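For the sequence shown, the residue numbers in UniProt numbering are 1 to 224. Positions of the beta carbon are idealized from the N, C-alpha and C atoms, including for glycine. Quick caveat, the model's predicted, so the values are computed rather than measured. Okay, structure first, notes after.
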Amino acid sequence: MNNNSLILALPKGRILKACIPLLEKANIIPEPAFFDADSRLLRFKTNDPELDIIRVRSFDVATFVAFGTASLGVCGSDVLMEFDYPDIYAPLDLNIGHCRLSVAQLANTKDKNLGDPARWSQIRVATKYPNLTRRFFAKKGVQADIVNLHGAMELAPVLKLSHLIIDLVDTGSTLKANGLQEVETIVDVSSRLIINRTALKTQSVRINALTERFRQILSPQSAA
């Protein structure tokens with residue numbers, strides 16, 4: 001690996017699949033191991049000798065970029081709002097990874113207070129977004145007791161671990177399958193190109209050139 005390479009952090013999972021066509025259009029071609037589902041590698045070379053890719057958990061992309069370990073990354077706006085890192089600059093909405101961050105509860109709940117946000121006073125909420133959740137309920141004058149979970153969120157109300165959940169929703173089919181319904185949408189979410197502010201100053205030419213590649217493929221003329 002070239003120690004002077006820029007590092008682009010990409011999230012694992014469904015957003016990674018959406019990133020691949022963008023990489024191709026931007027003429028960023030990872031080495032074959034990047035596409036091997038059985039590969040245990042986490043850092044990959046590309047056709048650009050001055051650009052490497054790392055593949056990390058979606059929540060960790062922002063941390064790698066904020067601390068300058070990666071110069072650039074692709075990160076959901078939900079993660080940016082949760083951590084609110086001052087060292088991250090997010091110049092481009094990549095128009096991928098669209099979903100929404102929502103409040104959900106049991107569909108057959110008998111507690112009518114849960115269905116009316118204006119009547120919440122104190123509530124237990126399961127989520128992997130503790131900071132965002134606290135801010136959301138604080139604006140409503142509600143004291144939220146946060147239960148931190150990182151998976152199987154839909155089980156929390158079913159098993160009475162929490163009254164509500166706050167989680168990402170795409171089609172809503174997982175909520176429905178587990179007997180939950182959306183109560184309120186907090187914010188619409190999409191994935192952004194993010195940049196470490198210090199790296200942008202010290203490696204501005206290379207980073208601006210990469211950013212411009214993505215900007216060009218996102219332009220209306222490119223889509224036509």
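Distance from V183 to V103 at the Cβ level is roughly 4 angstroms; contact confirmed, criterion being Cβ atoms closer than 8 angstroms. By the Cβ-count criterion, E82 is buried, with 16 or more other Cβ atoms from all chains shown falling within 10 Å of its own Cβ.
For the segment 153-189, the full-length alpha helix (DSSP H) segments reaching 4 residues or more read 155-158, 173-177 along the chain. Rounded to the nearest whole angstrom, the CA to CA distance from G97 to I15 is 6 angstroms. If you check the CB distance, T127 and D78 do not come in under 8 angstroms. G179 and A156 have their alpha carbons spaced roughly 11 angstroms apart. Checking the DSSP bridge columns, you'll see V65 has no partner listed. Sixteen is the threshold: when 16 or more other Cβ atoms of the shown chains lie within 10 Å of the Cβ of A199, as they do, the residue is buried. Per DSSP, the beta bridge partners of P30 are T46. In the pairwise beta carbon analysis, the segment 134-145 is classified as not touching the segment 42-61: fewer than three pairs are separated by under 8 angstroms. The alpha-carbon of E154 is positioned some 7 angstroms away from that of I165. Counting of Cβ neighbours within 10 angstroms places H163 among the buried residues, the total reaching 16 or more. Using a 10 angstroms sphere on the CB of R40, the tally of other CB atoms stays under 16, which defines it as exposed.
In the displayed model, A90 falls within a strand according to three-state DSSP. Q122 is not a Cβ neighbour of Q105, given a cutoff of 8 angstroms.
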